[in-house]
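As structure tokens, the structure follows; a few thoughts come after it.
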Amino acid sequence: MLSGRDVEQFRSCVWRIAAKLIIYPQVIAEKMLNLNEFLLEDSASEEDEPERLRLYRDRACPFETLSDVEFRKDFRFTRPVFYELCEMLREDLAHTTVRGTSLTVAQQVAACVHLLGRNAMQADSARLAGCNQSTVSRTLRVFLDAVVKLAPRYINWPSAAEQEEIARRIYRKYGLPNIVGMIDGTHVRIVAPRENAVDYINRKRYHSINVGAICDDNFLFRWVSASWPGSAHDSRVFKSSELYKDLRARRKRGCIIGDSAYTAESFLIKVVSQANTVREQRYNRAICSARVKIEQAFGMLKRQWHILHSECRYDPDTAARITIACMVLRNLANQRNEPLFEDDDDLEVVESDMGEENQEVHTTSGRALIRRIIEEFF
1 MLSGRDVEQF RSCVWRIAAK LIIYPQVIAE KMLNLNEFLL EDSASEEDEP ERLRLYRDRA
61 CPFETLSDVE FRKDFRFTRP VFYELCEMLR EDLAHTTVRG TSLTVAQQVA ACVHLLGRNA
121 MQADSARLAG CNQSTVSRTL RVFLDAVVKL APRYINWPSA AEQEEIARRI YRKYGLPNIV
181 GMIDGTHVRI VAPRENAVDY INRKRYHSIN VGAICDDNFL FRWVSASWPG SAHDSRVFKS
241 SELYKDLRAR RKRGCIIGDS AYTAESFLIK VVSQANTVRE QRYNRAICSA RVKIEQAFGM
301 LKRQWHILHS ECRYDPDTAA RITIACMVLR NLANQRNEPL FEDDDDLEVV ESDMGEENQE
361 VHTTSGRALI RRIIEEFF
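If you read the sequence shown in full-length UniProt numbering, its first letter stands for residue 1, the second for the next number, and so on.
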């Protein structure tokens, strides 16, 4: 019978072998393409060969010897999901190499997720991945493009069947009918942009982009908008979106929960400002208990990807792409049941502190929906 420690060592060994199976075919192909040239180099003696091969191997996978704990801390995924991500991005990241001057797919992914996850300087991520800073800078652009391409697959409005299941779970837990998600905004701090800098100053007087998002009860992001400057109101971010237009025109179905920043609509409910009856008080408690899911989702996102919590040292367009990429990767981690990052004691994520009271408290249809829910369910 194997002990728990033996099992862990065996599991770690298996994933290191898997890493080699994924990474080394590319290395072998690169070596075969250059085999003739490699053998004809008179300047290299036979005694030098083992050292040269060792250096090539280390450059191909310099993080292979990390423990599972160290690996996840640096690269924000467990080994199996990290290498699954490598395979998902291989078509976009793999390119011709000449004598090992380009990075393997795993190196590119490692450098980029380390940069996003630890909010590291590019030079630090480069050292960890075994390359230089300029290479990481170029690689990040390609990596972001590749991950953002996955957004329709990983961030999408729930299907009719999914809506039914989400609504059933939320009703069972909170007593609220037909709810498929919770909406809120969060701010990602950026450096002052060169153009229109004043537009990016938010209510807390720092430069940011205002990110609107909807999540379901399992913390999966179902919609995101990351293109608005920090001065934009949460309600404006949502009302300018295609999703808002689709919900209003009933091209998409489902009801969501928002805070005071949003206008109550036929598809969006929030607390009543003056809860004078027992039913209204019960309703408000249910709304607040359910709506906290989006705040928790933002917290999970920023704990996994520190670049969204501190300062994103990029222009607004790149910051928006980084935000969407991080949300795609967060959803991937969620769907693979990756453990949460709860050990960052110095990372305090506080959400829902930027909202404003909306003067458009309710539309007629929104008021009617809230009143019907209170009377029929509370």
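Each residue gets a CB set at the ideal place from its N, CA and C atoms; glycine is no exception.
Keep in mind that this is a model prediction, so the values were computed, not measured.
Leaving aside the five residues before and after Gln281 along the sequence, list all residues of the same chain whose C-beta is less than 8 angstroms from its C-beta, in chain order.
Here residue 281 is taken as the residue at index 281 of the sequence shown, counted from 1. Excluding residues within five positions, the ones whose Cβ falls inside 8 angstroms are Ala275.
If you measure between the beta carbons of Leu176 and Ile294, is that distance less than 9 angstroms?
Along the sequence shown, one-based indexing puts residue 176 at 176. Along the sequence shown, one-based indexing puts residue 294 at 294. No, the Cβ-Cβ distance between Leu176 and Ile294 is not below 9 angstroms.
For Arg59, three-class secondary structure by DSSP
Along the sequence shown, one-based indexing puts residue 59 at 59. Since pLDDT at Arg59 reaches only 48, below the 50 mark, its modelled position is unreliable, and the value read off the structure follows with that caveat. In this structure, Arg59 counts as helix in the three-state DSSP scheme.
Between Leu89, Leu116, Tyr174, which lies nearest to Arg303 when the distance is taken from Cα to Cα?
Here the question's residue 303 lines up with position 303 in the sequence shown. Minimum Cα distance to Arg303 is reached at Leu116.
Work out the CA separation of Phe221 and residue 380 for me, nearest whole Å.
Nothing about residue 380 can be read from this structure; the chain reaches only from 1 to 378.
With a CB to CB cut of under 7 angstroms and the five nearest residues on each side skipped, what residues in its chain are close to Ile170?
For the purposes of this step, residue 170 is identified with residue 170 of the sequence shown, where counting begins at 1. Result list for Ile170: Leu176, Ile179, Asp217, Ala290, in chain order.
Spatial distance of Asp246 from Gly254 (CA atoms):
Indexing the sequence shown from 1 puts residue 246 at position 246. Indexing the sequence shown from 1 puts residue 254 at position 254. The straight-line gap from Cα to Cα measures roughly 11 angstroms.
Using the Cα positions of Arg138 and Gly230, report the straight-line distance between them to the nearest angstrom.
Counted from its first residue, the sequence shown places residue 138 at position 138. Counted from its first residue, the sequence shown places residue 230 at position 230. Those two C-alpha atoms are separated by around 27 angstroms.
Here's the rule I'm using: 16 or more other beta-carbon atoms within 10 Å means buried, otherwise exposed. How should His95 be labelled?
Taking the sequence shown and counting its residues from 1, one reaches residue 95 at position 95. Exposed, by the Cβ-count rule.
Option in Cys326, Ala161, Thr263 with minimal Cα separation from Ser365:
In the sequence shown, the residue the question calls residue 365 occupies position 365. Closest option to Ser365, Cα to Cα, is Thr263.
I need the DSSP call for Ile170, collapsed to helix, strand or coil.
Along the sequence shown, read from residue 1 onward, the residue named residue 170 stands at position 170. Three-state DSSP puts Ile170 in a helix.
Entirely enclosed alpha helix (DSSP H) segments - the UniProt domain "DDE Tnp4" (183 to 331), minimum 4 residues
234 to 239, 242 to 248, 278 to 304
Taking contact to mean 3 or more Cβ pairs, one atom from each stretch, closer than 8 angstroms, check whether the region 63 to 74 and the region 320 to 328 are in contact.
no
Output the distance between the C-alpha atoms of Val328 and Ile214, rounded to the nearest integer angstrom.
Along the sequence shown, read from residue 1 onward, the residue named residue 328 stands at position 328. Along the sequence shown, read from residue 1 onward, the residue named residue 214 stands at position 214. Computed Cα separation, rounded: 13 angstroms.
Out of Ile209, Met88, Phe219, Phe77, which one is the CA nearest neighbour of Tyr314?
Sequence index remark: in the sequence shown, residue 314 carries index 314 (1-based). Cα-wise, what sits closest to Tyr314 is Ile209.
Residue environment, Gln270, which counts as buried when at least 16 other CB atoms sit within 10 Å:
Your numbering for residue 270 matches position 270 in the sequence shown. A small fix is needed here, since residue 270 is Lys in this sequence, not Gln. That one is buried.
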